[in-house]
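One structure below.
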Amino acid sequence: MKEKILLAHGSGGKLLHDLIREVFLPAFDNKFLRELTDSAVFDHRGTKWAFTTDSYVIRPLFFPGGDIGKLAVSGTINDLAVMGAKPIFLSCSLIIEEGLSLSILKRVISSMRQTADNAGVEIITGDTKVVEHGSADGLFINTSGIGLLSTRSESSSPRIKAGDKIVINGSIGDHSIATLSGREEFDFRTEVKSDCAPLNDLIEKVLSQSSGVKLMRDPTRGGVATILNEIAIGKEFGIELWEERIPFKQETIAISEMLGFDPLYLANEGKVIFIVKDEEAKKIVKILRSHPLGKESEIIGKMTPEPRGKVYLRTCIGTTRVLDMLSGDQLPRIC
Amino acid sequence: MKYLDEFRQKELVDKLTKAIDHLMADIDRKITLMEVCGTHTMAVFRYGIKDLLPHNLHLLAGPGCPVCVTANDYLDKAIAYARKEGVIMATFGDMVKVPGSRSSLAEEVSNGAEIRVVYSCLEALKIAHQNPEKKVIFIGIGFETTAPTVASSILTAAEDKLCNYFVLSGHKIMPPVMRALVQDHELKIDGFICPGHVSTITGSKIYEFLSRDYGVPCVVAGFEPIDILQSIYLILSQIKSGQAKVENEYNRAVTWEGNLKAQALMAEVFEPESSNWRGLGEIEQSGLKIRGKYGSFDAEKKYPLSIEESRENPGCICGDILRGLKTPLDCRLFRKVCHPSHPLGACMVSAEGTCAAYYKYLSV
Chain A
26 MKEKILLAHG SGGKLLHDLI REVFLPAFDN KFLRELTDSA VFDHRGTKWA
76 FTTDSYVIRP LFFPGGDIGK LAVSGTINDL AVMGAKPIFL SCSLIIEEGL
126 SLSILKRVIS SMRQTADNAG VEIITGDTKV VEHGSADGLF INTSGIGLLS
176 TRSESSSPRI KAGDKIVING SIGDHSIATL SGREEFDFRT EVKSDCAPLN
226 DLIEKVLSQS SGVKLMRDPT RGGVATILNE IAIGKEFGIE LWEERIPFKQ
276 ETIAISEMLG FDPLYLANEG KVIFIVKDEE AKKIVKILRS HPLGKESEII
326 GKMTPEPRGK VYLRTCIGTT RVLDMLSGDQ LPRIC
Chain B
362 MKYLDEFRQK ELVDKLTKAI DHLMADIDRK ITLMEVCGTH TMAVFRYGIK
412 DLLPHNLHLL AGPGCPVCVT ANDYLDKAIA YARKEGVIMA TFGDMVKVPG
462 SRSSLAEEVS NGAEIRVVYS CLEALKIAHQ NPEKKVIFIG IGFETTAPTV
512 ASSILTAAED KLCNYFVLSG HKIMPPVMRA LVQDHELKID GFICPGHVST
562 ITGSKIYEFL SRDYGVPCVV AGFEPIDILQ SIYLILSQIK SGQAKVENEY
612 NRAVTWEGNL KAQALMAEVF EPESSNWRGL GEIEQSGLKI RGKYGSFDAE
662 KKYPLSIEES RENPGCICGD ILRGLKTPLD CRLFRKVCHP SHPLGACMVS
712 AEGTCAAYYK YLSV
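Going down the list, the protein sequences come from chains A and B. Residue numbers for the first sequence follow the numbering used here, so the first one is 26 and each next one is one higher. Residue numbers for the second sequence follow the numbering used here, so the first one is 362 and each next one is one higher.
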């Protein structure tokens, strides 16, 4: 491992995985952490709980479709919801750079309140620190969340096997493109908005109407490609993703082409990937499409018996290629 | 989407693949084509195009990635400038991670150097305006595609009488290196898939000498699967009929004459000079230096510096890969110690680099 922490360590790709495996896991080793899921799940007096935490550092603080506050509430809710938990309480910890205008802070806090209200969760504890000018970038937010696992999700999910389908609730890459377009160094304007939203209601709806969901993950940093690799790695199955079935916004594709990005590696903040039983896949898509956050849901691939542990993309022209985890940051092309 | 979907149609791909198979059956020998542009290399991998081609048709990736062809001596200079007091280096993101002889710009950042990643040199100009007490040096690399905007930034700086904006010019141009490649007897290139982005500026006319003097078919290609397959088809058709000419498959963006205004900008600010290419060495008239009349914006002229002798990582075979002689699979560092999060050579850093393409798209 490199001797210094690089920005790329935070991109959710290979470097972060190395860091977790080589530094965090050996130090904190316990049965909850070892699962490496979005939330830790633990028993307390006969009730199962999910517990998670996430820090939000984003530039700009306000971007098309959201802001750091909406993101901080949605992201933590989603980490709980994809575990099948009903999010109940959040904490909110702020690191504020000296000089931040009070009106910006108020806007962010009000956005957090509104997002929490819409999602039916409460923010019940918090902390505030102010650091010297230059020691932070405006505002960083950490939220932790706790959620209740219902009896329904308590029964362990059936094993994922070849033939299972992959479902997503809409277009991918929009969050990355929207935040980029909000940065002053990018001279382009776009209608693309971040998909940033709490997904607990959507997920609850699916789980209450179908028992076909085997696994859920939110494809945030590193995008759909990285999350699918995390699902497949070391497992008895492979994944085949179908390029022509993946929902994309035209503008997201256009901007990605222009900058040389692969949308499969761009971050999402309002998407969830479901691994579902083959026979329930169509029904689940139907349920998703009846929800405002799932109108563009699609079946985008399937689990295959071979090659184990790997993700392949069947391209729009019928060829296949391997889809690896994001390694380092995606950088705009030069020529 | 217009200009994308129609160039990704599976039916058309199938038709073209069949036509290519027929042509190759008629030609009945090993054919080697080189795609010079790094974005072509990426597209070839991204769409799995090699899987569609007959076994005796080889695609070689050429020296078309601007970061990859930039030699260590240039990078070492950039690093030396970055270490100077009161200097802001402005650069494309890729360059930050490329290892030079003894350091990289990324390492210099952690040692306190001020390095700003920009997406265009015009942004570097803005930084110069905002920081009048600092010297802003733009790391100017790239081919004919990027050189005109850099030229324009220098002209704007001259107009604005900006005294703290400088360019470290490492620009390169395509025709001389393509001449060097066809003259390389180890390579035996049967045809060029010519770079689309470069050609939007230069026009397809710059390849005429290759078909006329060396009998090598040249087709300017776009970046979608149909573009690349269609270009291969056109080159093979020329080979079959014993012809060699310049054809333009990418006619939705490229003309014979190219962008005359951009060419004029380039000619106004730059003049050709000998340039050092990674793996290929010095090639006459293949680089662009800033003309004397704009010397006050030339970092090297304004602040000359001497650097220690440059050296390459002895295990790295980027040079042979850039010439198309070897593939990353021949490199003993590839995947083992050299990967995108820990690149040992430039070809692994840039998104357009051959090693990065092999790493990302080829399974082990």
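Using N, Cα and C, we set each Cβ at its ideal position, and we do this for glycine too. Bear in mind the structure is a predicted one, so any value in this text is a computation, not a measurement.
Residue i at chain B interface by Cβ criterion, 8 Å
| i | result |
| --- | --- |
| A:G198 | no |
| A:A292 | no |
| A:D162 | no |
| A:G285 | yes |
| A:A33 | yes |
| A:G343 | yes |
| A:D92 | no |
| A:K308 | no |
| A:T340 | yes |
| A:R346 | yes |
| A:D349 | yes |
| A:K29 | yes |
| A:I278 | yes |
Helix, strand or coil at residue i according to DSSP, with G and I counted as helix
| i | result |
| --- | --- |
| B:V577 | coil |
| B:E608 | strand |
| A:T277 | helix |
| B:P589 | For clarity, residue 589 of chain B is Ile in the given sequence; the question names Pro instead. Note: B:I589 maps to helix in three-state DSSP. |
| B:R696 | coil |
| B:F527 | strand |
| B:E475 | strand |
| B:P509 | helix |
| B:M709 | helix |
| B:K662 | helix |
| B:Y435 | helix |
| A:Y337 | strand |
| B:C555 | strand |
| B:G583 | coil |
Cβ of residue i within 8 Å of any chain A Cβ
| i | result |
| --- | --- |
| B:T551 | Correcting the residue type first, residue 551 of chain B is Asp in the shown sequence and not Thr. It does not: the Cβ of B:D551 has no partner Cβ on chain A nearer than 8 Å. |
| B:G409 | yes |
| B:V479 | yes |
| B:L597 | no |
| B:K721 | yes |
| B:F406 | yes |
| B:L365 | yes |
| B:E484 | yes |
| B:D412 | yes |
Identified DSSP bridge partners for residue i
| i | result |
| --- | --- |
| A:N167 | A:S80 and A:S118 |
| B:F631 | B:I651 |
| A:V155 | A:I121 |
| B:A718 | BP columns for B:A718 are empty, so no partner. |
| A:H200 | Paired residues: none, contrary to the question. |
| A:I298 | A:I193 and A:R242 |
| A:I324 | A:V192 |
| B:V470 | DSSP output for B:V470 lists no bridge partner at all. |
| B:V543 | Answer is none; B:V543 lacks a bridge partner. |
| A:D92 | A:F87 |
| A:A363 | Outside the modelled stretch of chain A, which goes from 26 to 360, sits residue 363 of chain A, for which no answer is possible. |
Check: residue i C-beta below 7 Å from any heavy atom of the ligand ZN
| i | result |
| --- | --- |
| B:E396 | Within the structure as shown, the ligand ZN is missing, as the structure has no ligands at all. |
Contacting residues, own chain, Cβ-Cβ under 8 Å from residue i (five flanking each side not counted)
| i | result |
| --- | --- |
| A:E276 | I202, T215, E216 and V217 |
| A:D92 | L86, R132, V133 and S136 |
| B:H490 | D521 and L523 |
Cβ neighbours of residue i in the same chain (closer than 7 Å, five flanking residues each side left out)
| i | result |
| --- | --- |
| B:L436 | V459 and G461 |
| B:A443 | M450, L466, E469, A474 and I476 |
| A:R84 | D162 and R208 |
| A:L44 | H34 |
| B:V430 | P424, K533, W638, R639 and L683 |
Residues near residue i by beta carbon distance below 6 Å, same chain, minus five either side
| i | result |
| --- | --- |
| B:L666 | A441 |
Residues in the stretch 369-384 of chain B having any Cβ partner in chain E nearer than 7 Å: Here the protein chains are A and B, and chain E is not one of them.
Residues within the stretch 245-262 of chain A neighbouring chain B, beta-carbon criterion of under 8 Å: none
Members of the stretch 697-713 of chain B that neighbour chain A once the beta carbon cut-off is set at 9 Å: H700, P701, S702, H703, P704, V710, S711, A712 and E713
Interface residues of the stretch 569-590 of chain B facing chain A [CB-CB below 8 Å]: P586
Near-chain B residues of the stretch 196-223 of chain A - C-beta to any C-beta below 7 Å: E210 and F211
Against chain A: residues of the stretch 455-476 of chain B by CB proximity under 8 Å: D455, K458, A467 and S471
Residues in the stretch 106-118 of chain A having any Cβ partner in chain B nearer than 9 Å: none
Contact set between the stretch 487-498 of chain B and chain A, restricted to residues whose Cβ is under 8 Å from the partner: none
Members of the stretch 38-54 of chain A that neighbour chain B once the beta carbon cut-off is set at 7 Å: K39 and L40
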